[in-house]
Amino acid sequence: MVFQKANERFCTRMPIKITKLCFTSICMIMLSCLSPSCAFAVGPGDLIGKTEPAVSTDVVENTVTDEYAGWYGYTNQDGSDFLYLEKGTEVSRFQNENGPIDWNAAKKDGLDFVMIRLAYGTKEDAYFDANVKGAQKAGIKVGVYLCSTAKNMNDAMAEADLTLKK
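Going by the working numbering, the sequence shown opens with residue 67, and the numbers climb by one from there.
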């Protein structure tokens, strides 16, 4: 522990450590919110384009056209269209195993943004740089995430350092 002496600054390294810790915490929270597993959650809109009866009897029958099915929207309880603001996905090395991603085709398909994996722990994704450059060149907004494997503060700090360096 560092004690402050008269006329001396208190622990100048502390703000950097706190900054890295905060950054790591924010990244982990964002990662948990943007996890691909969320895509499999059951929620409103799961019956888009289908004719199964609704659970509630006061819900208007789904009238969403195929144009909006899936990516493009949900039906609100009153029957009006609830449209997504933007279409996005996430990628890592696994999507590059059969060759590079055709980012121009993805943009033509309506992709607005992509979350690209920076690393798994401190092991950088081999396709990270190529994916970022390709997506940006195609005009797709890019965000990054790191799959944390930190088991202690030193691991978390190393992951935060890697993220900040990229």
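Even glycine gets a Cβ: it sits at the ideal position worked out from N, Cα and C.
Taking a contact to mean a Cβ-Cβ separation below 8 Å, would you say residue i touches residue j in this structure?
i, j, result
"residue 148", "residue 155", "no"
"residue 179", "residue 209", "yes"
"residue 201", "residue 169", "yes"
Quick check on DSSP: helix, strand or coil for residue i?
i, result
"residue 155", "strand"
"residue 111", "A caution first: residue 111 carries a pLDDT of 43, below 50, which makes its placement in the model unreliable, though a value can still be read off. If DSSP states are grouped into helix, strand and coil, residue 111 belongs with coil."
"residue 231", "helix"
Compute the beta-carbon to beta-carbon distance between residue i and residue j, rounded to the nearest angstrom, for a pair I have assumed lies under 8 Å.
i, j, result
"residue 184", "residue 153", "The pair is not a contact, with the Cβ atoms about 22 Å apart (cut-off 8 Å)."
"residue 188", "residue 222", "About 10 Å; that fails the 8 Å criterion."
Express the C-alpha separation of residue j and residue i in angstroms, rounding to a whole number.
i, j, result
"residue 162", "residue 192", "10 Å"
"residue 219", "residue 144", "49 Å"
"residue 146", "residue 174", "27 Å"
"residue 232", "residue 172", "24 Å"
"residue 230", "residue 203", "22 Å"
"residue 197", "residue 182", "7 Å"
"residue 186", "residue 167", "20 Å"
"residue 212", "residue 206", "19 Å"
"residue 194", "residue 165", "14 Å"
"residue 158", "residue 228", "17 Å"
"residue 214", "residue 226", "10 Å"
"residue 190", "residue 199", "16 Å"
Going residue by residue through the segment 180-227, where are the continuous beta strand (DSSP E) segments of at least 3 residues, counting only ones entirely within it? Within the segment 180-227, the complete beta strand (DSSP E) segments of 3 residues or longer fall at 207-213, listed in chain order.
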